[in-house]
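Numbering (the numbering used here), first residue to last: 3 to 272. What follows is a single structure, written as structure tokens, with notes after it.
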């Protein structure tokens with residue numbers, strides 16, 4: 003008698019955990035006055051910044067796709083360290099990319115960063131419209147065609163008119179993706195005029211309720227966002243209690259069809 007082989011049905015859904023974090027180039031801020039009192043530290047490398055990055059790296063393996071804002075691309079303030087690469091390698095995450103944006107001589111060079119256990123099919127950089135150049139958006143595509151998961155990472159301007167133009171541009175880029183995510187420090191509350199314009203121009207959905215992330219020591223404003231299209235089921239969204247900068251990291255758990263998003267390496271347990 004031969005034993006029958008029982009095949010388990012292939013999963014119909016995949017679960018992913020996302021994280022968005024403005025890391026302020028590794029600097030830690032605990033009150034508004036420290037923007038002034040620690041201004042010199044902001045442009046100089048230091049052990050405290052590395053300790054802060056190492057603490058963040060311990061958290062990253064819990065997630066599948068991470069979007070960074072204000073990561074230093076390699077300038078004086080970081081000791082000429084590419085912080086996105088450092089965090090990916092320290093956390094043992096297999097894929098990373100970054101988009102250098104505004105460079106201030108050799109003192110500071112901000113970047114958007116992508117860290118992932120999913121292999122991107124493509125990563126594209128887009129300059130965002132602004133009166134003062136230097137803002138950008140990074141678009142990572144996992145998988146191809148209708149099976150692609152499009153994840154855009156952005157850090158928007160402080161000016162509401164500039165944000166409106168930038169969000170309009172982002173809406174056009176994401177319009178044709180059935181499975182789309184926008185994550186980042188958008189410098190806008192969910193119910194602002196410019197965010198309403200974004201939701202009117204593309205399929206991204208407003209959050210069910212705001213999740214305050216700023217300032218990290220007493221969160222009152224929901225400036226950081228993880229927005230998804232209707233084809234993605236958003237199960238949970240929360241701010242991490244650990245403060246690695248002046249913003250709390252924003253996390254989300256999502257579900258999407260199993261065939262969407264390409265392959266992922268297993269999460270490491272710590």
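Ideal Cβ placement from N, Cα and C applies to all residues, glycine included.
Residue 111 and residue 103 have their C-alpha atoms spaced approximately 7 Å apart. Annotation for residue 195: the continuous alpha helix (DSSP H) segment containing it runs 195–203.
Taking the Cα positions, residue 166 is about 36 Å away from residue 91.
Cβ neighbours of residue 160 within its own chain (closer than 8 Å, five residues either side excluded): 189. Pairing residue 24 with residue 65, the inter-Cα distance amounts to about 16 Å.
For residue 253, the closest alpha carbon among the candidates 244, 101, 178, 201 is that of 244. A distance of 9 Å or more separates the beta carbons of residue 18 and residue 69. In this structure, the alpha-carbon of residue 234 lies about 5 Å from that of residue 258. With 16 or more other Cβ atoms from the protein chains shown falling within 10 Å of its own Cβ, residue 51 counts as buried. Collapsing the DSSP output to three states places residue 248 in coil. DSSP places residue 133 outside both helix and strand once states are collapsed to three, so it counts as coil. In the DSSP annotation of this structure, the continuous segment of the beta strand (DSSP E) that includes residue 69 starts and ends at 67–74. Annotation for residue 186: the continuous beta strand (DSSP E) segment containing it runs 182–187. Where residue 225 is concerned, there is no enclosing beta strand (DSSP E), because DSSP gives it neither an H nor an E.
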